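Protein chains in written order, with the working numbering: chain A, 50 to 395; chain B, 50 to 395; chain C, 3 to 328; chain D, 3 to 328.
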Amino acid sequence: MKAQVVQVDPLPAGLSRDQILEVYYYLVLTRSLEERLVKLYRQGKVVGGLYRSLGQEGESVASAYALQPGDILSPLIRNLGSILVRGAQPIDVLRQYMAKGTSPTVGREMNVHFNDLKLGYLGQISHLGDMIPVMAGIALSFKLRGERRVGMAYIGDGGTSTGAFHEGISFAAAQLVPLVIIVEHNGWAYSTPTSQQTAVTSMVSKAKAYGLPAVTVDGNDVLAVYEAAKSAVALARDGGGGTMVEVVTCRGGGHAEHDDRRYQPQEDIEQCAENDPIERFTERVLRASWTNEGELSALRDRVHSELDEAAARCESEAPPDPDSALTDVLAMPPRSESLWFRSSRA
Amino acid sequence: MKAQVVQVDPLPAGLSRDQILEVYYYLVLTRSLEERLVKLYRQGKVVGGLYRSLGQEGESVASAYALQPGDILSPLIRNLGSILVRGAQPIDVLRQYMAKGTSPTVGREMNVHFNDLKLGYLGQISHLGDMIPVMAGIALSFKLRGERRVGMAYIGDGGTSTGAFHEGISFAAAQLVPLVIIVEHNGWAYSTPTSQQTAVTSMVSKAKAYGLPAVTVDGNDVLAVYEAAKSAVALARDGGGGTMVEVVTCRGGGHAEHDDRRYQPQEDIEQCAENDPIERFTERVLRASWTNEGELSALRDRVHSELDEAAARCESEAPPDPDSALTDVLAMPPRSESLWFRSSRA
Amino acid sequence: MPEVTYLEALRRGMWEELERDDRVFILGEDIGVYGGAFKVTEGFRDHFGAARIIDTPISEVAIIGAAAGAAHMGLRPVAEMQFMDFISCAYDILTNYVATARYRAGLSTPMVVRGPSGGYVRGGPFHSQIPEAAFFHTPGLKLVCPATARDAKGLIKAAIRDEDPVIYFEHKFLYRRVKEDLPDDEEIITPIGKAMVRREGQDLTIVTWSAMVWKSLAAAERIAQEDGASVEVLDLRTLLPMDEEAILSSLRKTNKVLIVHEDTRTGGIAGEIAARINERAFEWLDGPVLRVTAHDTPLPYAPTLEDFVLPQEEDIVVAARRLLSY
Amino acid sequence: MPEVTYLEALRRGMWEELERDDRVFILGEDIGVYGGAFKVTEGFRDHFGAARIIDTPISEVAIIGAAAGAAHMGLRPVAEMQFMDFISCAYDILTNYVATARYRAGLSTPMVVRGPSGGYVRGGPFHSQIPEAAFFHTPGLKLVCPATARDAKGLIKAAIRDEDPVIYFEHKFLYRRVKEDLPDDEEIITPIGKAMVRREGQDLTIVTWSAMVWKSLAAAERIAQEDGASVEVLDLRTLLPMDEEAILSSLRKTNKVLIVHEDTRTGGIAGEIAARINERAFEWLDGPVLRVTAHDTPLPYAPTLEDFVLPQEEDIVVAARRLLSY
Ligand SMILES: Cc1ncc(C[n+]2csc(CCOP(=O)(O)OP(=O)(O)O)c2C)c(N)n1
Ligand SMILES: Cc1ncc(C[n+]2csc(CCOP(=O)(O)OP(=O)(O)O)c2C)c(N)n1
Ligand SMILES: [Mg+2]
Ligand SMILES: [Mg+2]
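Okay, here's the thing in structure tokens:
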């Protein structure tokens, strides 16, 4: 066997080897979990639709990875990776999609619409833009209490057209609260290209309206996103207020699994396929010899066995009890009455 | 009497002498009409509150003067001058404030909340920001029909914080409709200084978020505002889309007559008093010898006699018939029924 | 005659109006190239062009505000909400600007706001709403809610021709489940403000609309079979202005009224109907005006929960039987 | 004991809660240096500082959304709408986010949205609204509407301490017109969800709230004088959750109910009350449940028109007499 000198690059962005492996783990976990969901979806085991972050796992994982314990982020439909980094359990995501009684929302809400404020993520509602004012309020509470905590909110290129986005980010900037806004510029809002969404081509120009610092990064370059997010988070933590980080990325699939993407130019689809953030990251870490194929495949195996176990367990779980639907509309009274034409049957 | 050579400057901004006199007429008409209203208000003859454009008559008159027949503008509370330029009658403004049955809204709405789409103005509702999407739709209709008409909408520095402003201007820019946005930057929103309203100091930075061209002008320089508005209107008319024109001005009084301005620094108040757009315009036109004091005082006399007549006539007019309140909620049926406990009394 | 689905009937209704009147145009999110989230406007852009089938930003306030402005200028906009759940973002401009424009300022605002509403589709809390009550309380609006393919077509055509702003609630559960023979050569217009008796009966009147018409008809059939009682089913079709006469004349025949709606209970439209019956026909009542509605919760996602919260055929049967027993 | 106005009582209630609990803070437009459009927070900023009395941009969605986020983190925000008419701009985030947060996701959102509402002040269509009905239809919210100075104080304190999101409708007509002796040393808390009988009566029950309580009391007095009939006036005080028991027990005594509210008629809250009475106490009714409400129009500006559209004392007398005649 021919001996060779291994050239090791210096570790990037203050990351340790273990952290680089951890990032890889979350990237693979995110993608593999979604691939499971696709299978389950095709088997009709997912209730309702399935939305993927294919091609955007990199920016989700890397931006969330820049946060610390005590920080809080609010994901969108394509930020599965972000909440996994914050500690959300894959089995809970499966439970959400399969509407199990064991799900974090006890079957009331779907996909990533769930929260754990202790771990540091707040599930969104469907109405785009609304989470920006809410996250501004969370960041305001950090500021009012003098806590060195940071909020992070995601918004799509399309979502920036909503009035709620505008009011929330404008308020956050005027109040100088520690809120980092990640704008996911993937070029599409469902079937609508950015060119029909807005007259601007770059999302950072939107930050100018709010006097917010802004940076644009290659959203499929995991380490670049991490570095940009990290400095934005640091600035916010030190009382410097928010930053808009535009991650330029692409949607690796349709808007949702049912979407045939007829409206999308073929080259657009191909370019995105060739620009896979996980492949790029893998290639980079191997080339730099921060790790080796053996370690990576071990991590992939770990992910798959974890998911096998989670899926098996989740599938066997029961749906929520029908009349559990009546609790917690209010704190007081904690339970609403069943309507008379029901009770009379029970 | 000592003879002197009169040095006549060239006429500005393509205006004729008559037009300069006409601008002066509208400036004086706006201010004098509001002064009447203050008298009537103090006499308790105005229903509800009184809002003035003191110090902002210049930008209102000059921006509206840049429009042509067929164009449509939407005023705010401080744009009395704008609708007078479009042909609104002083007596109708008095009728609105005194809630007469003869008023354009038959006593249903207040102050400048009335319209004449033929003359080219659309009254606003109180909810700030809402007129921007509506005007975007009016400008869209011009575009769809290939008409060479232009829309103009006003918004205050405070009003730019509303979601409706954002959605409307973003939509207008994306659709490239002929809508000119005049941002009246008078430094205050009621008692809130711009510094607490937004993290930006100049409103034109907001235009960047929409890919709109923008210019800032001295809002108390009548001719400068006219020139800026005129070129924005020309660009829109030629299919070049909208422009944001920021007029930097100051509020010559409180938010409304009841406002004691306690929150406003004294020098702020004094500076504004020394920066009166009408005095500046008068001084300018006399210095340039485009007209003379005799012509100007003749116009002032004309305004006052017109207002004497209008006020006298208006005061003698009757309030609306109570049950006229029931018509025109819908086109069909044109009249709603009176509630039974009333009819039974009628 | 070809069988036409509710969705296809709606589609054809809009198509015909676009052909008939060049003032008509449609704006909304993803309605152009994509043909809309439910393909209601499939093929429209190719046929009518991008100037009349306008893809908008994600800006419900701008969509509805711009529609109002265009309507003032004499156009006939049809604004699509991708889901009616998102109309709430435009609640201010719809209730304060659009609804009051004629009254305040004599402005004409002929426009339609339409989109998919309703549950039974596992859509969760934000893709299942039927946000009728808030607008029902707004003077200056008209509200229509077709239950059949014929009315889906007839009401969209009537709404587009109406001089007033109309909110058109289409029910996504009915899109492909309800079919009907609709002659191509017949011009179908359903008059706004007129209810329709879907089933004649003597013993009890069910007042309902939209998807609940079908559950009520099924319940009425079961009661006929199992109890031998005859239940009349009145489909309101228009909520605002409401066809009070149709309700009262059916009541005068059956002397008992059960109101069935899908929306949540407290503050729902059934309350208004109960109040009007009290005021106008109290002496005709042989029993209380009863309601079958959803429970007062956000609409949960899991099938077991959604089925529990929403009204079901069995609920209507139970409530009808109680009322029949008076 | 000093006479305290409704406005001053509200002011003191907030002041006391700010003193008692440092999690409480207020945000809104012009509430700081200026003390609010009606001076409700006059002097608050000087005493509590700019960090707890926050002047915001003109962004109702941000004000209410930010309040919700802060509430999730354990603070107790009180969000002021400069006029309640502007709450409509935040309808989406209030009904879809705030109201559902606990149900959807187990989030705690203790917050208050408050502001001046109501007419009789020549405010025109956009400074006179009492936008109660749309939120009354929203599961997950609580709605309170004080009629007296004592309740203005007691309900704001209860609302701030409540674990649920509460909308507090203060009536601007009552601000300085209603006065009461309120002992400084007594801690006044009005329980949410409890109605109160303002006048005992045997022959008829008037169910009402907010400013209409006073018109109803005046009407009841006139009827006592002129007709010798005794009218009970029940002040609901809380609209959501509604004190159904109080309504039913008064009804069981008088067997006749007249509902009086200021808001427009169709889809107004009176409908729900009428429906519940039908369902729960039909056999106790000696006459129809009747309503006195505003007419179904936007609220016009001219005094002659506003007085025509809004309910007046005379209307209540006329309606009560008709019901008494049953
Ligand atoms: C207020 C609102 N309007 C419409 C929708 C329907 N909708 C859901 S996702 C989507 C497209 C979002 O595009 P973008 O914000 O760019 O995010 P992406 O899907 O590209 O990640 C639309 C229109 C919504 N959820 N909320
Ligand atoms: C949506 C909305 N929120 C609040 C108000 C109350 N309000 C009326 S005028 C005003 C200040 C407006 O300031 P700006 O837009 O700068 O206009 P200016 O008065 O300075 O001309 C406010 C807060 C309103 N009319 N609409
Ligand atoms: Mg996108
Ligand atoms: Mg201003």
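For glycine and all other residues, C-beta sits at the position ideal for the given N, C-alpha and C. Predicted model, so just to flag it, every value in this text is computed and none were measured.
Between the C-alpha atoms of C/R200 and C/A220 there is a straight-line separation of about 11 Å. For C/D94, the residues of chain D that pass the 7 Å Cβ criterion are S90, C91 and Y93, in the order they occur in the chain. Looking only at D/D187, D/F138 and D/A64, the smallest Cα-Cα distance to A/P182 is reached by D/A64. Residues of chain B with a Cβ closer than 9 Å to the Cβ of D/P133 do not exist; the shortest Cβ-Cβ separation is about 12 Å. For C/N280, a Cβ of chain D is located within less than 8 Å of the residue's own Cβ. In this structure, D/D32 has its CB at a distance of at least 7 Å from all heavy atoms of ligand 4.
Within chain D, G273, A276, A277 and N280 have C-beta atoms less than 7 Å from the C-beta of C/A276, given in sequence order. With respect to chain D, the C-beta atom of B/Q92 has no partner C-beta closer than 8 Å. If you look at D/G117, you'll find it in the beta strand (DSSP E) that goes V114 to S119.
With its beta carbon less than 8 Å from one in chain D, B/I174 belongs to the interface.
Shortest gap from the CB of C/F88 to any heavy atom of ligand 1: under 7 Å.
At a cut-off of 8 Å between beta carbons, A/N164 contacts chain D. The three-state reading of DSSP puts C/L312 in coil, since its state is none of H, G, I, E or B. Taking C-beta atoms as the reference points, C/G38 and C/E82 count as a pair closer than 8 Å. Partner residues in the beta bridge of D/L206, as assigned by DSSP, are D/V233. Annotated three-state conformation of A/M293 is strand, per DSSP. When the beta-carbon positions are compared, D/R78 and D/P112 come within less than 8 Å of each other. Annotated as distal: C/T240 and C/K174, with beta-carbon spacing of 8 Å or more. Judged by DSSP secondary structure, C/M198 falls outside any alpha helix (DSSP H) and instead within the beta strand (DSSP E) spanning M198 to R201. Under the DSSP assignment, C/P79 falls in the beta strand (DSSP E) whose first and last residues are R78 to E82. DSSP places D/F27 in the strand class (E or B) of the three-state scheme. Contacts between A/A277 and chain C, judged by CB atoms closer than 8 Å, are missing: the closest CB pair is about 25 Å apart.
According to the DSSP assignment, C/E264 belongs to the beta strand (DSSP E) that extends over V259 to T266.
DSSP places C/T58 outside both helix and strand once states are collapsed to three, so it counts as coil. Apart from sequence neighbours up to five positions away, the residues of its chain that approach A/S210 with a beta-carbon distance below 7 Å are Q246 and T247, ordered along the chain. Here A/R384 carries a strand assignment [DSSP, helix/strand/coil]. Scanning chain B for C-beta atoms nearer than 8 Å to the C-beta of C/G142 yields V378 and L379, reported in chain order. If you look at A/S123, you'll find it in the beta strand (DSSP E) that goes I121 to S123.
In terms of Cα proximity to B/A277, the closest of B/P262, B/V294 and B/A347 is B/V294. DSSP places A/M147 in the coil class of the three-state scheme, outside both helix and strand. At least one heavy atom of ligand 1 lies less than 7 Å from the C-beta of A/A238.
Residue pairing by DSSP puts A/Y203 in a beta bridge opposite A/I231. Taking the beta carbon of B/Q245 as reference, the chain D residues within 7 Å of it are D57, listed in sequence order. Less than 8 Å separates the beta-carbon of B/I121 from that of B/I187. At a cut-off of 8 Å between C-beta atoms, C/P112 does not count as an interface residue with respect to chain D.
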